[in-house]
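Chemist: Residue numbers (the numbering used here): 680 to 963.
Here it is, the structure, as structure tokens.
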Ligand SMILES: [Fe+2]
């Protein structure tokens, strides 16, 4: 089945996302930058694999991901990744301009031999594991999927509300639930999959020979209520909405009048990226 893929500026992205609970975007990362980070991550994985082979220890890919992300998340490449223009543009459309990315972005390495249940997931919804219902997931594929190691989505299931769960599995029995056949998204590297935290989805399965490597970022609005987990993880702000730019101009949430009356508003240089500097007459 042919996968429907959009370009970032397609006006039908919202419609498709609202109806289906997911959307796939093609080429959403600047090409040169994408090649740089995917090469960097793949090289790191290869290096760690070689070291494990030498030491004859069994490799746990969940640990490998965490090892890589501990460094990557504090690098300039990560900063560049979360400020990628096309991703930001789409998330501003789906969530609003008060936009942030939750900390602890995940790197997923799905390998043929893997049996780790964290990496090999049956049908589930991400709201079960503490993601707020206003948070949106974005998976960036660093490698091509084949027909066996993609992500399977069940379109429209987010519109049913929160699926009941028992022992980490949908409780099909109590409610006599039957899922329609899912869509196997065998995505290509550079593709971006966006989905709703109530959408039922799963790991399609495992390839006999190929790895599937991807980042999963979580976006939400700084104006939303955060779940307890999201508060604990913290976030990085990507853009500020007009209401909050106005408050910044006034100077404080208490709206103390005339703070800059007869003068001018200014903004710290480091904050210029967030608070569109053109609204402020000088930079501190
Ligand atoms: Fe998931």
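Here a beta-carbon is modelled for each residue, glycine too, at the ideal position from N, C-alpha and C.
Remember, predicted model here, so these are calculated numbers, not experimental data.
#1: With DSSP collapsed to three states, give me the class of residue 767.
#2: Identify whether residue 847 lies in helix, strand or coil by the three-state DSSP scheme.
#3: At which residues does the beta strand (DSSP E) containing residue 892 begin and terminate?
#4: According to DSSP, is residue 862 part of a helix, a strand, or is it coil?
#5: Starting from residue 841, trace the beta strand (DSSP E) both ways and give me its first and last residue.
#6: For ligand 1, any of its heavy atoms closer than 8 Å to the Cβ of residue 803?
#7: Tell me whether residue 763 is buried or exposed, calling it buried when 16 or more other Cβ atoms sit within 10 Å of its Cβ.
#8: Residue 918 and residue 778 look like a contact to me (Cβ under 8 Å); what is the Cβ gap, rounded to whole Å?
#9: What did DSSP end up calling residue 712 once you bin it into helix, strand or coil?
#10: Taking 8 Å as the line, does the beta carbon of residue 837 fall inside it for any heavy atom of ligand 1?
#11: Residue 695 lies in the alpha helix (DSSP H); which residues open and close that run?
#12: Return the chain-ordered list of same chain residues with a C-beta closer than 7 Å to the C-beta of residue 788, the five sequence neighbours on each side being excluded.
#13: So residue 785 is in the beta strand (DSSP E); what residue range does that whole segment cover?
#14: DSSP on residue 945, reduced to helix/strand/coil?
#15: Taking the straight line between their C-alpha atoms, what separation do you get for residue 786 and residue 856?
#16: Less than 9 Å separating the beta-carbons of residue 780 and residue 915?
#17: Anyone know if the C-beta pair for residue 832 and residue 706 falls short of 9 Å?
#18: Find out if the Cβ-Cβ distance for the pair residue 886, residue 825 is shorter than 9 Å.
#19: Does DSSP classify residue 882 as helix, strand or coil?
#20: Using a threshold of 8 Å, is the CB atom of residue 875 nearer than that to any non-hydrogen atom of ligand 1?
#21: As a quick exercise: from 871, 802, 808, 847, pick the residue whose alpha carbon is nearest that of residue 765.
#22: Taking Cβ positions, are residue 752 and residue 738 nearer each other than 9 Å?
#23: Going straight from the alpha carbon of residue 717 to that of residue 878, what length do you get?
#24: Helix, strand or coil for residue 821 per DSSP?
#25: With contact counted as at least three CB pairs below 8 Å, one residue from each stretch, are the region 800-808 and the region 843-859 in contact?
Modeler: On the basis of the data shown:
#1: As a working note, residue 767 is residue 88 in the chain shown. If DSSP states are grouped into helix, strand and coil, residue 767 belongs with the helices.
#2: Here residue 847 refers to the residue found at position 168 of the chain shown. If DSSP states are grouped into helix, strand and coil, residue 847 belongs with coil.
#3: Residue 892 sits at position 213 when you count from the first residue of the chain shown. Taken as a continuous stretch (DSSP letters only), the beta strand (DSSP E) holding residue 892 covers 891-900.
#4: If you number the chain shown from 1, residue 862 lands on position 183. Three-state DSSP puts residue 862 in a strand.
#5: Indexing the chain shown from 1 puts residue 841 at position 162. That residue, residue 841, is in no beta strand (DSSP E); it is neither H nor E in DSSP.
#6: One-based indexing of the chain shown puts residue 803 at position 124. Yes, the beta carbon of residue 803 sits closer than 8 Å to at least one heavy atom of ligand 1.
#7: Stepping through the chain shown from its first residue, residue 763 is reached at position 84. That one is buried.
#8: Position 239 of the chain shown, counted from the first residue, corresponds to residue 918. Position 99 of the chain shown, counted from the first residue, corresponds to residue 778. With 8 Å as the limit, residue 918 and residue 778 qualify as a contact, their Cβ atoms being about 5 Å apart.
#9: Against the chain shown, residue 712 aligns to sequence position 33. Reduced to three states, the DSSP call for residue 712 is helix.
#10: The residue you call residue 837 lines up with position 158 of the chain shown. Residue 837: no, Cβ never under 8 Å from ligand 1.
#11: For this step, residue 695 is matched to residue 16 along the chain shown. Where residue 695 is concerned, the enclosing alpha helix (DSSP H) stretches over 692-699.
#12: Taking the first residue of the chain shown as position 1, residue 788 is located at position 109. Excluding sequence neighbours, residue 788 sits near 724, 740, 743, 744, 890, 892.
#13: As a first step, residue 785 must be located in the chain shown, where it is residue number 106. Start and end: 785-789.
#14: Position 266 of the chain shown, counted from the first residue, corresponds to residue 945. Residue 945: strand per DSSP, three-state reduction.
#15: In the chain shown, counting from the first residue as 1, residue 786 sits at position 107. In the chain shown, counting from the first residue as 1, residue 856 sits at position 177. C-alpha separation (whole angstroms): 32 Å.
#16: What you label residue 780 is simply residue 101 of the chain shown in a count that begins at 1. What you label residue 915 is simply residue 236 of the chain shown in a count that begins at 1. Yes, these two residues count as a Cβ contact at 9 Å.
#17: Counting from one through the chain shown, the residue named residue 832 turns up at place 153. Counting from one through the chain shown, the residue named residue 706 turns up at place 27. Not a contact, by the Cβ cut-off of 9 Å.
#18: Residue mapping note: residue 886 aligns to position 207 of the chain shown, counting from 1. Residue mapping note: residue 825 aligns to position 146 of the chain shown, counting from 1. Going by C-beta atoms, residue 886 is nearer than 9 Å to residue 825.
#19: Residue mapping note: residue 882 aligns to position 203 of the chain shown, counting from 1. Strand, per DSSP.
#20: Locating residue 875 in the chain shown gives position 196, where the first residue counts as 1. Not so, every heavy atom of ligand 1 lies at least 8 Å from the Cβ.
#21: The residue given as residue 765 occupies position 86 in the chain shown. Residue 765 has its Cα closest to that of 871, out of 871, 802, 808, 847.
#22: For the purposes of this step, residue 752 is taken as residue 73 along the chain shown, with counting starting at 1. For the purposes of this step, residue 738 is taken as residue 59 along the chain shown, with counting starting at 1. It is not a contact, given that the beta carbons lie outside the stated cut-off.
#23: By 1-based counting over the chain shown, the position of residue 717 is 38. By 1-based counting over the chain shown, the position of residue 878 is 199. Going by the C-alpha atoms only, they are around 27 Å apart.
#24: Residue mapping note: residue 821 aligns to position 142 of the chain shown, counting from 1. Residue state, collapsed to three classes: coil.
#25: yes
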